Each structure stands twice: as C-alpha cells, then as structure tokens.
Amino acid sequence: MAERDSAPLVAILTGAGISTDSGIPDYRGPQGVWRKDPEAEKLVTYAYYMADPDIRRRSWRMRGESPVWKSVPNAAHEAIARLERTGTPVRVITQNVDGLHQAAGVPGRKVLELHGNARTVLCTECGARSTMEQALARVAAGEPDPACEACGGVLKSATVMFGQQLDGEVLAEAVAVAKACDVFLAVGTSLQVQPAASLAGLAAEHGARLVIVNAEPTPYDPIADEVVRDPIGQALPRLLAELRPGGSAPS
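Structure (structure tokens):
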C-alpha cells in the first residue's frame, strides 16, 4: 500500500444492494427492477421522459409508489455512521438516490451522491428546485404531470437519468477520494455502471486496499484484496468494526 501523509481514509462506494434490507429493490440483481420489467427503464431515461408526456405521467406514478418514502436505514447504513462517529475519516460515494446514508447520521458533506437525490425536484428549464413531497402532493391532487410553477417547464426528480451526465464537481471529488483513500470498500454494487465502477480500480491503482462486498461477481473481483459474498447487513458491520480505532484492517 502506498504511504499516506494523513490519517487513514476509508472510502465506501455503495450501490443498490446496500438498501435492499430497507425494502428498496435493486436494479440488476436476480430480482432487480430492470430484470422484472425492462420497459421500466424508459421511465428513467431522459430522452423518453422529455419527449413523451405519457412516460412522465407513468414516472410520477412510479415515484409516488416508491418504497423510498417508507424506508429507514438498515444495519449497513448504521455501521457506516458508527464508523464516522469514531472520528475515522470516512467518505461515502453512493450510486443511490434514497438519502439513507444521511438519515443514518452520516453528515451530508461526507456523502457524494453520484446520481443525485430522489427527495428533490428540479425544473429542466429554469433549474428551480422544490421538494418531492410538494410535487407528489400536486400529483395526488390531480396533476398527473405537474409543470414548474415558476416557468412552466418540465419537472423531474433531481436524479441523473439514463442519458444524462453526472455532476462534474461531484465526480471530480469522488475521483480525488478514490485516489487518496487507504481502504476502498465497494458495497452492494455490480460495478458495471461507469464511471462509478472505475473508482474501484482507480483506488487500487493508487495503493488502497480494495474490498468488495456483493452477492454477485463483479468485473473488479480479480483485483480485489478481499471479496465478501455474505449478506451486506452482516458483513459490513463486521468489516467496519475492524477499521475503528483499536481495530485492524480487513485481512
């Protein structure tokens, strides 16, 4: 491992698999959303969404029925928050949009949301932001495709849809964290979606210990120092306990 000048930094990349114990289905797993209903992918594809009012109406119905609104952090989210509270330098890089890391107690400034946050709504024309709660209230009141109240533009969740670019500043910070960390854990992610997946390889190239915690094989398993197939809610608390002051790094 490359020698570091500062306290050991732990980077944790999380994907949909970390939130399944909170009742939020993943996308590409055996029971994933895309495998069960390939057409559902259109509802989160920018070109389809902007061009087709029916797609938008279906998207708003899907948002209203999302299990995210009833979900709470699970043992894995809480384990990350516990590690952060010990004073260990922790940065969470998440592909999730559910906000559960923050709900568990990880400070928002330490969470990099690569794909945005589903709890906020954005106008595609003027950039005005509002809460998802407000937008869904309008849908429930009879507006199946609510428009921006400021300019009349198309509203969408403040998440990165297929066909959109990631926020450049957020991605740049994630890259910097991957290069600087001592330990990089990839948790509940297939490591198939770029550029997020490449962060695992980048961390390993710069001397970090790479630990992958995922039920299914990933393209980065061959270069990992450790691959864990145990359920995330069991494995992650154990691994992170070893990283607390007085503990030892995963072996």
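First residue of the sequence shown: 1, per the UniProt record's numbering; consecutive thereafter.
Heads up, the beta-carbon is just placed ideally off N, CA and C, and yes, glycines get one too.
Because the structure is a prediction, the values reported are computed rather than measured.
When DSSP labels each residue in this structure, what does Arg244 get in the three-state scheme? DSSP places Arg244 in coil when its eight states are reduced to three.
- CA-CA distance, Thr14 and Arg119? The alpha-carbon atoms of Thr14 and Arg119 are separated by roughly 18 Å.
Just checking my contact of Ala81 with Ala104 at CB under 8 Å: how many whole Å lie between their CB atoms? Yes, they are in contact, since the Cβ atoms of Ala81 and Ala104 sit about 4 Å apart, within 8 Å.
Proximity of Ser19 and Asn117 at Cβ, strictly below 8 Å: Cβ distance not < 8 Å, so Ser19 and Asn117 don't count as in contact.
For this session: Give me the Cα-Cα distance between Ala204 and Leu210, rounded to the nearest whole angstrom.
Result: Each residue's alpha carbon lies about 6 Å from the other.
Count the other C-beta atoms from every protein chain shown that fall within 10 angstroms of the C-beta of Lys156, then say buried if there are 16 or more, exposed otherwise.
Buried, because 16 or more other Cβ atoms sit within 10 Å of the Cβ of Lys156.
Quiz prompt | Beta bridge counterpart(s) of Ala11 as assigned by DSSP | solution = Beta-bridge analysis with DSSP links Ala11 to Arg91 and Phe184.
Discussion item. Does Ile24 come out as helix, strand or coil in the three-state DSSP assignment?
Written reply: Judged by DSSP in its simplified three-state form, Ile24 adopts coil rather than helix or strand.
Ala215 vs Arg229 beta-carbon contact at 8 Å
A distance below 8 Å separates the beta carbons of Ala215 and Arg229.
ask   = If we ignore side chains and look at the alpha-carbon of each, how far apart do Trp60 and Pro144 end up?
value = Taking C-alpha positions only, Trp60 is separated from Pro144 by approximately 7 Å.
- Taking the beta strand (DSSP E) that residue 280 falls in, what are its first and last residues? Only positions 1 to 251 of the chain appear in the structure, and residue 280 is not among them; the question remains open.
Assign Ala158 to one of three DSSP states: helix, strand, or coil.
Of the three classes helix, strand and coil, the one that applies to Ala158 here is strand, per DSSP.
**Item:** Span of the alpha helix (DSSP H) around Val139
**Value:** Taken as a continuous stretch (DSSP letters only), the alpha helix (DSSP H) holding Val139 covers Met132 to Ala140.
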